[in-house]
Each structure stands twice: as C-alpha cells, then as structure tokens.
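So the mapping is simple: the numbering used here equals the position in the sequence shown, first residue as 1, plus 12.
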Amino acid sequence: MTRTTRPISWVSAARKDFADFPEGAQAICLAALTAAAEGGKADIAKPLKGLGSGVMEIALPYRGNAFRVIYAVQIGPDLWVVHAFQKKSTQGIKTPKHEIDLVAARVKRLKEMFR
13 MTRTTRPISW
23 VSAARKDFAD
33 FPEGAQAICL
43 AALTAAAEGG
53 KADIAKPLKG
63 LGSGVMEIAL
73 PYRGNAFRVI
83 YAVQIGPDLW
93 VVHAFQKKST
103 QGIKTPKHEI
113 DLVAARVKRL
123 KEMFR
C-alpha cells in the first residue's frame with residue numbers, strides 16, 4: 013500500500029509569518045508538516061482544542077522562544093497551514109485567545125472555499 017503525500021498549501025499570511033521564524037525552527041516545523049502530509053503526526057504536533065477535529069498545532073520550543081504552526085487536515089485535498097506565530101504569552105502554555113480566533117476565522121473561510 014503506498015501512502016500518498018498530500019500537497020501542503022499555505023494561507024498567505026501564515027506563509028509570510030512563517031518566513032520570519034529562525035531557519036532552524038522553520039526546518040523542524042517543515043519536517044512536522046511533511047510528516048502530517050504523509051499521513052503521520054510529529055511528536056510536537058497536537059490537536060488544537062476548541063476548533064473541531066482536524067485542526068492541529070505544532071508547538072516548538074526553540075532557543076528560549078515558542079513557535080506555533082497551526083494546520084488543518086480536513087479541508088479539501090491539501091493540508092492547509094492556516095497560521096504561524098511566535099508565542100509571546102506569559103500565561104503558561106495556553107495559546108492566546110486572539111490567535112485562536114484568527115485560526116478559527118481562517119479555517120471557516122477555507123471550509124467555505126471547498127464547499
């Protein structure tokens with residue numbers, strides 16, 4: 013049985029924000045996205061609560077910073093990267109509400125595109 017690798021598509025704002033990540037952090041996140049595109053799940057990826065199934069968060073601690081890449085696996089044929097940001101929260105590990113709201117809005121828009 014051959015596994016097909018799904019194309020990885022990016023919301024343009026997420027691509028732009030991701031470009032600001034340090035190179036090493038980008039490489040690790042891209043490896044995790046590739047694993048997801050191949051049907052697997054990287055150790056640093058977990059479901060993002062509150063957004064329904066199929067929305068995942070790559071949580072990467074990197075050189076004292078925290079980077080997040082949010083992707084959705086159940087929209088159209090592609091794996092969609094909907095958001096990328098450096099987490100600057102002082103409230104522990106919780107993803108800030110405004111980031112969650114942004115992801116929710118982008119996921120909703122993508123779902124409408126593929127209806």
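Just so you know, even glycine gets a beta-carbon here, dropped at the ideal spot from N, CA and C.
Check                                                                                              : Outcome
Contact the region 67–85 vs the region 39–56: 3+ CB pairs below 8 angstroms                        : yes
CB contact flag (Y74, G36, <8 angstroms)                                                           : yes
For I20 and A31, the rounded distance between their alpha carbons                                  : 15 angstroms
Close beta carbons around A2, own chain, < 6 angstroms, minus the five adjacent residues each side : The shown model of the chain, from 13 to 127, leaves out residue 2, and the question about it has no answer.
6 angstroms CB neighbourhood of T17 in its chain, flanking five on each side removed               : A49 and E50
Assigned exposure category for R121 - 16 Cβ within 10 Å defines buried                             : exposed
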